[in-house]
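Structure first, then comments.
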Amino acid sequence: MSTILTYIAISDGKIKRSSLEVLSHCKELADKDGHSVEAVIIDKDASSFVDGVKKYGASKIYVVEDPIFKNHMNTPLLKALANVMGATSPSVFAFASTESTKDVLGALAANQQAAVLSDVSSFELTDGGIKAKRPVMAAKILADAEAKGEKILVSVRSGSYDLVENEANSEVVSVDFSLNDGELRTTLKEIISVSGDTIDLNEAASIVAAGRGVKDEEGQKLITELADVLKAGIGASRALTESGMYDPSLQIGQTGKVVSPQLYIAIGISGAIQHVAGMANSKVIVAINKDPDAPIFEIADYGIVGDLYKVLPPFIDELKKIKA
Amino acid sequence: MKFYVGIKMVPDVNAPLQIKDGQLIQDADRMILNAYDASAVEEALVLKEKHGGEVEVVSIGSPKASETIRKALAMGADKATHIQTTGNEAYDSATYARILAAFFKDKEYDVLSFGKQSQDTDAGLTGGMVAEMLGLPFATNAVGLQAEDGKLLVKRQGDSGQEMIELPTPCAVTCSNDMNEPRIPNLKGIMASKRKPMEQVELSSLGLSEDELTPKTSVTGYEEKPGREPGKKFEGEPDEIAREVAQLLDTEANVI
Ligand SMILES: Cc1cc2nc3c(=O)[nH]c(=O)nc-3n(C[C@H](O)[C@H](O)[C@H](O)COP(=O)(O)OP(=O)(O)OC[C@H]3O[C@@H](n4cnc5c(N)ncnc54)[C@H](O)[C@@H]3O)c2cc1C
Ligand SMILES: Nc1ncnc2c1ncn2[C@@H]1O[C@H](COP(=O)(O)O)[C@@H](O)[C@H]1O
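Note that the protein sequences, when read in sequence, are chains B and F.
Going by the working numbering, the residue at position 219 of the first sequence is 213; the numbering climbs one at a time, nothing skipped.
Just remember that the working numbering sits 125 ahead of the position in the second sequence, which is counted from 1.
Have a look at this one:
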């Protein structure tokens, strides 16, 4: 019997759903083959999240609590992750693929001499390792990948697995943590955050995404109005994060975030493969574009050919009526 | 400041490709400089122009990778090192990282710069691995760089906002293409690149064992991503089609 460890990501005072998706999947794998599944929470208030993790069936929950984890910094996070790996020697350590995970995964693998597969869309255990599917070539193709070794790290794209509740009587183990002055080396000078009440795109049920076709404030107002009606998160193509019209954190695609909402409405977005790479797994895709040959229509379930400035007002109006 | 930038030749994801017997068949003529590496080169050049110093690019790859290296030289990098492989090796990020770390081990530099990920595999691992192997402080997913005496100021894109991070040099950083618009080499740059030094280094000279060069991960095959069913396209009077689709989202797709 071996141990599968799952990293529970905390963001803005909440457990990231994607890490519970990974925990749910690991629990299923562990039950099938008689392994144990454990979880680790690293945060300034780590113990306050224990109950939220117990629901998903971890037999042991490691808690690393220290004020330094208030904001993401790679040096302390790496040290804490290495400590926990030392304490429990997992054969597989699974993460949700967030920016914070991406920041430490390679370094942790090097530090632990572990084999690593990043950003997989599914994985299974094998004899002596794991096998996984990884989207490659701007997510046009799936690669069958394998990792072998005593220690394996894997990060999973958000939305790859469903949440499965499985309440366990988890043992809670607190892990000591300290960092000497000299160890930190890097200094976090400032955090430039988007306003706290924006919807986490990885968890949004609906996303309204704006592209270069949205040219001005009037267009942005329509986007906001539509998002409000649907209680949707707002995303953007690179064209508009680059121009400064939308915050870079909202970019969806290969460079930006990978999302998989129930409903994705692409407005004035052409559908370049690098954008599609981030949203093709949405359940229902709506495209509004004035060019009938725009590639986005090839993947849209509902394509509206038209000028967004003319289409959005009645679209919003009709949705309001439906909602009322 | 002395910059080393790790650059990689990658297949153009826009080029047609096919899967045959689980193998990926790509157009061999459509190899390009990884877009994220082009941004890393660009930013190093900007900082060099501002503060002086040197930009050297390093690439591990087949003889063909020299074309990619020339492109970086034509952009303005001062010199290059080409660590030769046959191109048939199935190296993963960790193998490339071990080779790069072995190369950098006895070099002097202020900043090691990388792309945040390879455009073809999206692995995003090499930069952090090299930093850890060499014991360097590092930051990933940089969207802006500033240099100060003995320091590199990195603006990185985090999950919900940007972080400003100060790193003492020597350090390592991985770059996003959100950082800048890489310059297109002009004719003068292209001519000059032909006279710039490109040192050839034999992989065997770096003292790596067979074990260190054996990847722990492998790709066993490729498959098409399951496609989406073609949907419905609505053309006509904006008011009508907009309301029709809104209704269908409620009654047919059930997502409202
Ligand atoms: C390595 C790499 C990574 C990248 N990563 C990303 C990424 O993460 N995310 C991303 O989005 N892009 C990314 N890109 C860029 C990508 O290739 C495209 O350039 C970008 O997605 C284009 O954005 P867009 O669709 O908004 O603009 P455009 O391609 O210019 O499309 C604008 C569309 O709006 C339509 N339009 C114009 N006016 C109207 C109107 N009034 N009404 C209706 N429709 C209208 C036009 O018909 C057109 O189809 C990346 C590129 C590279 C090389
Ligand atoms: N063969 C290589 N030669 C030089 N640099 C490389 C090589 N492979 C990866 N890198 C660097 O690592 C980055 C990508 O890492 P990864 O996504 O792990 O492949 C690239 O943007 C380069 O900066």
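Ideal placement from N, C-alpha and C gives every residue a C-beta, glycine not left out.
Only a predicted model underlies this, so the values are computations on that prediction, with no experimental measurement involved.
The closest CA to that of Asp27/B, considering only Ser83/B, Ile290/B, Ser276/B, Leu119/B, is found on Leu119/B. Boundaries of the beta strand (DSSP E) harbouring Lys280/F: 276 to 282, taken from the DSSP string.
Distances taken from the Cβ of Phe89/B to the heavy atoms of ligand 2 include none shorter than 6 Å.
For the pair Ile4/B and Phe359/F, the Cα-to-Cα distance works out to about 42 Å. Sequence-distant Cβ neighbours of Ile282/B in its own chain, meaning closer than 6 Å and more than five residues away, are Ile261, Ile298, Leu302, Val305.
Relative to the non-hydrogen atoms of ligand 2, the Cβ of Ser218/F comes within a distance shorter than 6 Å of at least one.
Distances between the C-beta of Thr251/F and the heavy atoms of ligand 2 include at least one below 6 Å.
Proximity of chain F to Asp113/B at the Cβ level (cut-off 8 Å) is accounted for by Asp247, Ala248, Gly249, in chain order. A Cβ-Cβ distance of about 6 Å is found for the pair Ala33/B and Leu17/B, placing them in contact under the 8 Å criterion.
Spanning the alpha carbons of Met258/F and Leu195/B requires a straight line of approximately 34 Å.
Between Gly260/F and chain B, the shortest Cβ-Cβ separation is not below 7 Å. Residues of the stretch 154 to 174 of chain F with a C-beta less than 7 Å from any C-beta of chain B: none at all. Against Gly297/B, the close residues of chain F are Gly356, Lys357, Lys358, Phe359, in the order they occur along the chain (beta-carbon pairs closer than 8 Å).
For Ala230/B, the nearest beta carbon of chain F is not closer than 7 Å to its own beta carbon.
Those residues of the stretch 80 to 100 of chain B placed with their C-beta closer than 8 Å to a C-beta in chain F are Thr92, Glu93, Ser94, Lys96, Asp97, Val98, Leu99, Gly100, ordered along the chain. Shown here, Glu161/B sits in coil according to DSSP, grouped into three states, outside any helix or strand. Within the stretch 83 to 152 of chain B, the complete beta strand (DSSP E) segments of 3 residues or longer fall at 86 to 90, 109 to 114, 116 to 120, 123 to 130, 135 to 142, 146 to 150, listed in chain order. With respect to chain B, the C-beta atom of Ser301/F has a partner C-beta closer than 7 Å.
Taking a C-beta cut-off of 7 Å against chain B, the contacting residues of the stretch 268 to 289 of chain F are Val268, Gln282, Gly283, Asp284, Ser285, Gly286, Gln287, Glu288, Met289, listed in chain order.
Residue-level contact check: Gly265/B does not touch chain F, since none of the beta carbons of chain F fall below 7 Å from its beta carbon. Chain-ordered, the chain F residues with CB closer than 8 Å to the CB of Met131/B read Pro136, Val138, Leu142, Leu149, Asp245. Looking at the DSSP output, Cys300/F sits in a beta bridge with Gly240/F, Ala267/F. With a cut-off of 6 Å, the C-beta of Asp162/F is classified as near ligand 2, since at least one heavy atom of the ligand falls inside that distance.
Under the DSSP definition of a beta bridge, Gly227/B partners with Ile201/B.
Relative to ligand 1, the nearest heavy atom lies less than 6 Å away from the CB of Gly247/B.
The C-beta distance from Gln282/F to Asn266/F rounds to 5 Å, short enough to meet the 8 Å contact threshold. Buried is the label assigned to Thr251/F, since at least 16 other Cβ atoms lie within 10 Å of its Cβ. With 16 or more other CB atoms across the displayed protein chains lying within 10 angstroms of its CB, Ser184/F is buried. Taking the CA atoms as reference points, Ile228/B sits about 28 Å from Lys183/B. Distance from the CA of Ala248/F to the CA of Leu170/F, rounded to the nearest whole angstrom, comes to 25 Å.
Distances from the CB of Asn159/F to the heavy atoms of ligand 1 are all 6 Å or more. Between the stretch 67 to 80 of chain B and the stretch 44 to 52 of chain B, the count of C-beta pairs closer than 8 Å stays below three; the two stretches do not touch.
Ile246/B has its alpha-carbon roughly 12 Å from the corresponding atom of Asp303/F.
Taking Gly178/F as the centre and dropping the five residues before and after it, the same chain places the C-beta of Met126, Lys127, Phe128, Leu172, Asp235 closer than 8 Å to its C-beta, in chain order. Taking all protein chains shown into account, Pro322/F has fewer than 16 neighbouring C-beta atoms within 10 Å of its C-beta and is therefore exposed. Closer than 6 Å to some heavy atom of ligand 2: that does not describe the Cβ of Ile194/F.
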